[in-house]
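Using our numbering, the first residue of the sequence shown is number 31, and each one after it goes up by one. Just so it is clear, CB atoms sit at the ideal spot from N, CA and C, and this is done for glycine as well. Accompanying notes for the structure given below.
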Amino acid sequence: MCAAVTAPAASAQTGGSGGGGVYVATPKVAKVTCLRKCATKQRARGGSVLKVVGAELAGVNAVTYLGSYGRGDDTTVKVRAGSDHRLNARVPIGAVTGPLALATASGGRSAPTKPVLILPPLPPEPNAELSPAPGPMVNGAPRLETGTSRTKAFVGARPGVTFSFRLSGASAAALKVELVSAADGAAVKTWTPQEVPPDLVQSISWNGRLGRAAARPGRYSFKLTAASADGSEARSAQTGDTQRDAFDLYDNIFPVRGRHDFGGAGAHFGAGRAGHSHQGQDVMANCGTRMVAARGGRVKFKQYHAAAGNYLVIDGDGIELDYVYMHLDQPSPFSEGDRVYTGQTIGAVGETGNARGCHLHFELWDAPGWYDGGKPFDPFPSLQAWDSWS
Ligand SMILES: [Zn+2]
């Protein structure tokens, strides 16, 4: 068996037209439950351990949490199967609700599992006001106070997350602020502020982007390092601290900001309609309920249509998706070409056009976009995930 798996390509040729070739075990998953540090047996959170039961699991060395749409929120952890039928997998901080996929060292890959419900990790410690930093400090180094404006942030929202700090005692010859991802401990961004006199507050803001790209969703924290001229150093937090000056970054916010539900079967993507099938997911809510941009971007269309009513199409910022909102009670205050930030109010739930009852009809379209060569796909798993953290 081993020989077959590691055999060079020549062996596949030897198999010839017989259809032989390299045997690659395909792991199969029967059931996933939460084993340790769970919210409940059926609901995990960042830091939980999952139990995966199935077949052909012995060669599995990686589990990928596929999250909602796209690769941007995928996270992968290394695993070692306990047996052919069972393995345990850690849920990384940053993993979100969605299917799992198992991979073996020899290239086998399972089908995606049913979605696993993953709640957000325990929230970061709120620290909106400056407070003395608990990190390590060498004698002679400045004393540090730090604060972070929010514990939940969304890519492309405004304002972003603000980290503030103040030094006292010694002055610092070198300052460094790192933004550290809790998923792997890596600094994804570094600032080197100019030296400031002691006792003055200095701030840094971040909008969830790394250059032009959106940062991966997940837990991040700010870490300040201040060194005095003689090299004595103070740090704002211990290495591996995922609570201090930390916040959770999400890629989308749930667009309906009030009581809502997802309706019956007819509200789902693909449900039958006269002459076509339903291209989105309906979100039932009272007329007048505030509606926000799930993801910021550029307004592509703002129009009225006999069926769609008042509708708005936003070309998502830093993501190859168009976001479509229909039946707004009034025309959106935004115009075509306008820039919209994640979480910004774009209108209110209504029943304009061909709508039975107040609801948001929501669509997601892949590239190149809405009636522009793209295709609509079922937005329900994404909406569910956004709803869980918004
Ligand atoms: Zn609809």
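Asked: Evaluate the contact criterion for the region 277-294 versus the region 159-166: three or more CB pairs, one atom per stretch, below 8 angstroms.; Found: no
Asked: Please indicate yes or no: does the CB of H115 lie closer than 7 angstroms to some heavy atom of ligand 1?; Found: no
Asked: Beta carbon of E381, beta carbon of K332: below 8 angstroms?; Found: no
Asked: Where DSSP assigns a beta bridge to H308, which residues make up the other side?; Found: Answer is none; H308 lacks a bridge partner.
Asked: Taking buried to mean at least 16 other C-beta atoms within 10 Å of its own C-beta, is A276 buried or exposed?; Found: buried
Asked: Looking only at its chain, what residues have a beta carbon closer than 6 angstroms to the beta carbon of K182, apart from the 5 residues adjacent to it on each side?; Found: D278
Asked: Tell me whether D396 counts as near ligand 1, meaning its Cβ is closer than 7 angstroms to at least one heavy atom of that ligand.; Found: no
Asked: Just the C-alpha distance for V82 and I349, rounded to the nearest angstrom, thanks.; Found: 32 angstroms
Asked: Under a three-way DSSP split, which group does S194 fall into?; Found: strand
Asked: Given a cut-off of 8 angstroms on the beta-carbon distance, is the pair Y250 and L209 in contact?; Found: yes
Asked: For G404, which residues of its own chain have a beta-carbon under 6 angstroms away from its beta-carbon, when the five flanking residues on both sides are left out?; Found: W395, D396, A397, P398
Asked: Taking just the CA atoms, how far does H357 sit from A338?; Found: 6 angstroms
Asked: Counting only runs of 3+ residues fully inside the region 272-354, write out the beta strand (DSSP E) ranges in chain order.; Found: 276-280, 311-314, 320-322, 327-335, 339-346
Asked: Would Y280 be called buried (16 or more neighbouring beta carbons within 10 Å of its own) or exposed?; Found: buried
Asked: Could you check which residue in R196, A158, A217 has the C-alpha nearest to that of P228?; Found: R196
Asked: With hydrogens ignored, establish whether the beta-carbon of G302 is closer than 7 angstroms to any heavy atom of ligand 1.; Found: no
Asked: On a Cα-Cα basis, can you pick out the residue from A245, Y341, G302, P172 that is closest to D352?; Found: Y341
Asked: N282: buried (16+ other C-beta within 10 angstroms of its C-beta) or exposed?; Found: buried
Asked: Can you tell me whether H391 is buried or exposed? The criterion is at least 16 other CB atoms within 10 Å of its CB, across all chains shown.; Found: buried
Asked: State the Cα-Cα distance for the pair T178 and V191, rounded to the nearest angstrom.; Found: 7 angstroms
Asked: If you measure from the CB of D408, is any heavy atom of ligand 2 nearer than 7 angstroms?; Found: You won't find ligand 2 in this model; what it holds is ligand 1.
Asked: How would you call H290, buried or exposed, if buried means at least 16 neighbouring beta carbons within 10 angstroms?; Found: buried
Asked: For G112, count neighbouring Cβ atoms within 10 angstroms of its own Cβ and tell me buried if that reaches 16, exposed if not.; Found: exposed
Asked: Is G294 near ligand 1, in the sense that its beta carbon is under 7 angstroms from a heavy atom of that ligand?; Found: no
Asked: Go to Q232, then tell me how far its beta strand (DSSP E) extends in each direction, as first and last residue.; Found: 231-236
Asked: Closer than 8 angstroms by C-beta to V218: which residues in its own chain qualify, once you throw out the five before and the five after it? Chain order, please.; Found: L209, V210, S211, L240, A245, Y250
Asked: Whole beta strand (DSSP E) runs in the region 57-123 with 3 or more residues, listed along the chain?; Found: 58-66, 73-75, 79-85, 90-95, 105-108, 116-120
Asked: If distances are taken between C-alpha atoms only, which option among T372, L254, Y401 comes closest to T269?; Found: L254
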